[in-house]
Amino acid sequence: MRRVLSVLAAFAAITLAPAATAELNIAVVDVNEAVSQTQEARDFLTRVQEELAPDQERIRELTAEKSRIEERVERDGEVLSDAERVSLSEEYERITSDLQYRAESYQKALNRKRNELLRQMGPRVQAALDDLVQLEAYDLVVPAGSVIYANPKHD
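Numbering (the numbering used here), first residue to last: 11 to 165.
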């Protein structure tokens with residue numbers, strides 16, 4: 011067993027030594043940020059916001075209704091009749107449920123649209139990355155979400 015460990019250690023030292031001494035040219039790429047900086051993405055986002063504006067407005071209205079009920083209960087809670095209290099509670103639950111459903115639906119629609127944009131632009135992004143790798147002679151390209159630390163001086 012000891013011999014196996016010695017062989018593995020020697021093998022690791024031999025295979026890693028050139029990598030340790032060679033300078034590695036690494037690129038960290040945030041594809042989502044790169045896509046969002048394009049005019050096409052900004053135009054797409056404007057169209058999506060216009061398309062989803064009625065949903066967003068309804069979410070705002072429901073949020074305002076919910077706040078109105080909370081304020082009324084806080085302000086008039088001691089003088090409300092049991093019937094009013096029950097009615098407000100039911101309305102609050104209905105609004106909360108509707109708000110949650112609409113917010114989730116809105117978020118899902120937004121994510122679908124965002125994914126659609128990334129699919130549309132995917133081939134062009136990949137071609138741009140390929141060109142950049144060739145131009146700058148990168149040895150390794152890493153997605154920004156996988157990087158734990160990058161020295162800002164290399165940005």
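Note that beta-carbon positions come from the ideal geometry of N, C-alpha and C, so glycine has one too.
Check: Chain-order list of residues whose beta-carbon lies under 6 Å from that of Lys-172 (same chain, five-residue window excluded); Outcome: In this structure the chain extends from 11 to 165, so residue 172 is not present and cannot be described.
Check: Any 3 or more C-beta pairs closer than 8 Å across the segment 98–106 and the segment 121–140; Outcome: no
Check: Val-38, DSSP secondary structure in three states; Outcome: strand
Check: 7 Å Cβ cutoff met for Ala-147 and Asn-35; Outcome: yes
Check: At least three beta-carbon pairs within less than 8 Å, the segment 37–48 to the segment 150–159; Outcome: yes
Check: Backbone CA spacing between Glu-61 and Gln-49 [nearest angstrom]; Outcome: 18 Å
Check: Cutoff 6 Å; reference Lys-76; Cβ partners in own chain excluding five residues on either side; Outcome: Ile-105
Check: Ala-170 vs Ile-69 beta-carbon contact at 7 Å; Outcome: The structure shown does not extend to residue 170, since the chain spans only 11 to 165, so no value can be given for it.
Check: Val-45 burial status per 10 Å Cβ neighbour count (16 or more: buried); Outcome: buried
Check: Contacts around Asp-65, its chain only, beta-carbon distance under 8 Å, and the 5 residues preceding and following it disregarded; Outcome: Arg-112, Ser-115, Tyr-116, Ala-119
Check: Within 7 Å, strictly: CB atoms of Leu-109 and Leu-72; Outcome: yes
Check: Pro-64: first and last residue of the uninterrupted alpha helix (DSSP H) it sits in; Outcome: 49–86
Check: Between the CA atoms of Arg-52 and Glu-43 - distance to the nearest angstrom; Outcome: 12 Å
Check: Residues that DSSP places opposite Pro-153 in a beta bridge; Outcome: Val-39
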